[in-house]
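*Asks:* Dropping a structure here in structure tokens format, bear with me for questions.
Protein chains in written order, with the working numbering: chain D, 176 to 989; chain E, 30 to 185.
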């Protein structure tokens, strides 16, 4: 059977998940498991003088209590995932002994009969702290004379990352037009509905430890544990349970808790389990997004970009868990546009907040926000349509592979493999019915309503290396077992990789089983992150499937006495040219080639062990792309924003299961709407989290996420045999930019004159130029009163909360 | 204090010990090993732990087990009929209304309770019914469609 690739096959995972038979970590039956709870720092920055655990040790049900100093064998720094030679690395210990650097950092661990008793004991631990000054923003980190986020560091700057192409300085100086803007994107979290969890069991008889971990990267976790524990990798089995309740990036990182929990299991010789509760998740799971961009663009009178310069402050948090996010940001700034001169300079700053790392979108939403906001400002400045300005700058479909001129995070030239950005933009505008939306916007303005349109276009490097693998085996029942190193968190791997394998082998999907995320089943893997699995594990399964097909045909041909080329599959049988009379079942093939007979030579020509492995290492990242368009209505008094219409054009190359891709895009969009309008883990000036529950941190519900109209382009990636790219993050990336553009456009209708609202519609189509200066309003006879107008309100932040909208309106002088 | 409590879950009576402070969710998960009910926030916002107690949708993380002594409980494990997905479960599957599935039991129980009260007529009503639960994966579109489809079948 062929044609399973590209079909919206229903998900195999669903029946168990819909009937309460999912196997999430805390659902696993681990009899007599002890519960672990972590005591966490209440201070953003403090010196630990002493920790008294005596009373806690006496508490009912308590089995053990450990401080960092009690676990010196694992007191080793956790390595940043992505390094840089200039990175000033500060050690991130599983449990620090001397100084804490964010609220939520573990300081002690209690092991007890159950979670209730463990948490009781936490309250009996007495920690003596000297509270130190804390840094809770990049602005504070970089301020002259700022206190240090780490007492023993010499600066709050972790690293400076610079990207250059051409001469941005000279190009800006000579550009006919030059605009600048400052944009801030606030922190946001992953907020998988299942928080993190780790359980572990030690087998003294074998010296092996089994670790169940909600990680997106079990092989990465095993590698880290192997180094820290100084144990052979085969003695550590890390299993991501079959069901993990969402990932979104934070679960792809490696945390101190993942080191402590298995170690405690080995110390005690007992099964132990730690299940993070939501309040812990708020203060200990890594976040992302916090960046400030001071961006400047130079352009000609037609709106063609000549140069961009972006000065970026990146909130690295208390430790550097990796430089992937800031690296991605710097390489995402140019986006889908041809820009001859580029200069980005990023300062990654240590602050006293939860460390940051990738969250769905991973450094791209911020870059897209800065660039796409500036594209609108260019349009405003030149009195051009924002879509037209983008049109004039887009890389064209015949220009691939396109070299941007700067470098990818591995140092290679940043190269887009494929795409059709003009078609994406035009398709999105068509689906939106752009001309009609503009008429309706203007009509609404005439009625005194504040309606605006926002567009954002983006590119997304995905399908990253180094590699991902798959192992395919004919099992003793005649089924084909597909083993992936990659661990899923709801993407539907059991379905998608069965589709790919079925197509490659040429058998029914029913014959294929998929297992994922277990280091005991496949030796090498990297993990689920960066929208990479379809474009890496996908080709691995596809290639392995072809190899397995040849092995099956070869064995069947020997058994049937024909040529391999004559073999056709029919159900679970390999036939001679479709003849059921001359056929052999897959189970019979397994019996001959895999099971064999003890001591008896294999039949002539039969090769033993029908198992194949394939690892796919992409040459470089594949580039997905997309365009978003939003129509919003704003209430300038309350600051409330209502999304009236939202269109997404999406290109992730060839698609394996269209409905699952739609689900990824629309789900990603919901996350993007959260980042655009709602989500913000606010910290106060002392580094205390102010939004550490869902009462204060507003995750979007069905009431806030509008219906999306979605269409796809499919420009196949030439970098892998499936032509696949990634789909997991594109829905998120441009949403804050599109929404902010739309809100700012909506507020253009409340231009004021002399402090009195000018409610008249501007039928000339002319927009007053932007910027901070006051400008003459053309065509107004009353020169005395309108010699100057104030700029329309500026939306410089994401999320665009009601408070920020109202503040922007007020600050614009209205 | 620890006492026995007796509850009927999905038509079957269970008696087990429960500390005063044991939540109903933990009682179901740990004492009865009915692990389909999930805990997403333990402060009553995400709705993942929603079950039906004496006919009403309830956050089982906010209720103590002792408060449920003598009550009729319905959980996700009781929805399937004769080993087959019921209408709502099937609509979730047909409309791709779940991905990671962690929040799904809570959505199923909230919607089950709502649909017993009457039809859900349009998208706005569907979103209202769904707005007490959080899903981070799907963007809700499939959930809205599943609710409308099921309501139409049930109430036509």
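Glycine is no exception: its CB is placed at the ideal position from the N, C-alpha and C atoms.
Would you say residue 77 of chain E lies against chain D (beta-carbon separation less than 9 Å)?
*Replies:* Yes, because at least one Cβ of chain D sits closer than 9 Å to the Cβ of residue 77 of chain E.
*Asks:* Quick one: is residue 463 of chain D buried, meaning 16 or more other Cβ sit within 10 Å of its Cβ, or exposed?
*Replies:* By the neighbour-count rule (16 or more Cβ atoms within 10 Å), residue 463 of chain D is buried.
*Asks:* Which same chain residues, not among the five before or five after residue 598 of chain D, have their C-beta less than 7 Å away from its C-beta?
*Replies:* Cβ neighbours of residue 598 of chain D beyond the five flanking positions: 572, 888.
*Asks:* Sorted by chain position, which residues of the same chain lie with C-beta nearer than 6 Å to residue 403 of chain D's C-beta, five sequence neighbours on each side aside?
*Replies:* So the qualifying residues of the chain are 249, 251, 434.
*Asks:* Quick one: residues in its chain with C-beta nearer than 8 Å to the C-beta of residue 716 of chain D, no 5 flanking neighbours on either side, listed in chain order?
*Replies:* Result list for residue 716 of chain D: 645, 647, 657, 659, 672, 675, 676, 679, 789, in chain order.
*Asks:* Run down chain E in chain order and give the residues with a C-beta less than 8 Å from the C-beta of residue 291 of chain D.
*Replies:* In chain order: 48, 50, 51.
*Asks:* Which same chain residues end up closer than 6 Å to residue 590 of chain D when comparing Cβ atoms and leaving out the 5 residues on each side of it in sequence?
*Replies:* If we look at residue 590 of chain D and ignore the five residues flanking it on each side, its Cβ neighbours are 576, 578.
*Asks:* Identify, in the order they occur along the chain, each residue of the same chain with its Cβ nearer than 7 Å to the Cβ of residue 770 of chain D, setting aside the five sequence neighbours on each side.
*Replies:* Correct list, in chain order: 651.
*Asks:* Straight-line CA distance for residue 800 of chain D to residue 333 of chain D?
*Replies:* One C-alpha to the other measures close to 31 Å.
*Asks:* Where do the ends of the beta strand (DSSP E) carrying residue 522 of chain D lie?
*Replies:* 516-525 is the extent of the beta strand (DSSP E) around residue 522 of chain D.
*Asks:* Run through the DSSP bridge pairs and tell me what residue 303 of chain D is partnered with.
*Replies:* DSSP, once it has assigned bridges, lists D:225 as partnering residue 303 of chain D.
*Asks:* So who's on the other strand from residue 444 of chain D, going by DSSP bridges?
*Replies:* DSSP lists no partner for residue 444 of chain D.
*Asks:* Distance cutoff 9 Å, beta carbons only. Does residue 144 of chain E sit that close to anything in chain D?
*Replies:* Answer no: the Cβ-Cβ gap between residue 144 of chain E and chain D never drops below 9 Å.
*Asks:* Which runs of the beta strand (DSSP E) fall wholly inside the region 377-443 of chain D and span at least 3 residues, in chain order?
*Replies:* Segments of the beta strand (DSSP E) lying fully in the region 377-443 of chain D: 383-388, 411-414.
*Asks:* In the DSSP output, what is residue 687 of chain D paired with across the bridge?
*Replies:* Answer by DSSP bridge pairing, in chain order: D:655.
*Asks:* What are the residues of the region 181-192 of chain D that lie near chain E, defined by any Cβ-Cβ distance shorter than 9 Å?
*Replies:* Answer in chain order: 183, 185, 186, 188, 189, 190, 191, 192.
*Asks:* Counting Cβ pairs, one atom from each stretch, are 3 or more of them under 8 Å apart for the region 450-470 of chain D and the region 880-896 of chain D?
*Replies:* Because the criterion of three Cβ pairs below 8 Å is not met, the region 450-470 of chain D and the region 880-896 of chain D do not touch.
*Asks:* What do you reckon, are the CB atoms on residue 283 of chain D and residue 302 of chain D nearer than 9 Å?
*Replies:* Yes.
*Asks:* Give the straight-line distance between the Cα atoms of residue 665 of chain D and residue 128 of chain E, rounded to the nearest whole angstrom.
*Replies:* Straight-line Cα distance between these residues: approximately 4 Å.
*Asks:* From what residue to what residue does the beta strand (DSSP E) around residue 790 of chain D run?
*Replies:* Per DSSP, residue 790 of chain D belongs to the beta strand (DSSP E) from 786-791.
*Asks:* Is it true that the region 347-357 of chain D meets the region 478-495 of chain D, where meeting means three or more beta-carbon pairs spaced less than 8 Å apart?
*Replies:* Contact between the region 347-357 of chain D and the region 478-495 of chain D is present, because at least three Cβ pairs lie under 8 Å.
*Asks:* Sorted by chain position, which residues of the same chain lie with C-beta nearer than 8 Å to residue 947 of chain D's C-beta, five sequence neighbours on each side aside?
*Replies:* Low local confidence applies: a pLDDT of 35 at residue 947 of chain D is under 50, so the model's placement there is unreliable, and no value is given.
*Asks:* Could you check the C-alpha separation between residue 943 of chain D and residue 638 of chain D for me, to the nearest Å?
*Replies:* At residue 943 of chain D, the pLDDT of 41 sits below 50, so the modelled position is not reliable; the number obtained from the coordinates is stated separately. Taking the straight line joining both Cα atoms gives about 43 Å.
*Asks:* Under 8 Å Cβ-Cβ, which residues of chain D neighbour residue 121 of chain E?
*Replies:* Near residue 121 of chain E (Cβ distances below 8 Å), the residues of chain D are 189, 193.
*Asks:* Suppose you measure from the CA of residue 695 of chain D to the CA of residue 197 of chain D; what does that come to, to the nearest Å?
*Replies:* Going by the C-alpha atoms only, they are around 21 Å apart.
*Asks:* Could you check the C-alpha separation between residue 856 of chain D and residue 533 of chain D for me, to the nearest Å?
*Replies:* Near 16 Å, if we compare the C-alpha coordinates of residue 533 of chain D and residue 856 of chain D.
*Asks:* What residues from chain E crowd round residue 908 of chain D, counting only those whose CB sits closer than 9 Å?
*Replies:* Those within 9 Å of residue 908 of chain D in chain E number zero; the least Cβ separation is about 14 Å.
*Asks:* Per DSSP, what kind of secondary structure is residue 546 of chain D in: helix, strand or coil?
*Replies:* Residue 546 of chain D: helix per DSSP, three-state reduction.
*Asks:* Is there a C-beta anywhere in chain D that falls below 9 Å from the one on residue 34 of chain E?
*Replies:* Closer than 9 Å: no.
*Asks:* If we define contact as Cβ-Cβ less than 9 Å, is residue 543 of chain D a contact residue for chain E?
*Replies:* No, because no Cβ of chain E sits closer than 9 Å to the Cβ of residue 543 of chain D.
*Asks:* Looking at the unbroken beta strand (DSSP E) that takes in residue 44 of chain E, where does it start and where does it end?
*Replies:* Note, residue 44 of chain E: beta strand (DSSP E), 41-48.
*Asks:* Quick one: is residue 150 of chain E near chain D, going by C-beta distance under 9 Å?
*Replies:* Judged by the 9 Å Cβ criterion, residue 150 of chain E is not in contact with chain D.
*Asks:* Any chance the region 179-187 of chain D sits against the region 819-834 of chain D, with 3 or more Cβ pairs inside 8 Å?
*Replies:* Short answer: they touch.
*Asks:* Taking a Cβ distance cut-off of 9 Å, strictly less, list which residues of the region 409-436 of chain D are near chain E, in chain order.
*Replies:* Listed in sequence order: 418, 419, 420, 421, 422, 423.
*Asks:* Do the region 861-868 of chain D and the region 541-556 of chain D meet, that is, are 3 or more Cβ pairs less than 8 Å apart?
*Replies:* No: fewer than three Cβ pairs fall under 8 Å.
*Asks:* Is the Cβ of residue 131 of chain E closer than 9 Å to any Cβ of chain D?
*Replies:* Interface residue, yes.
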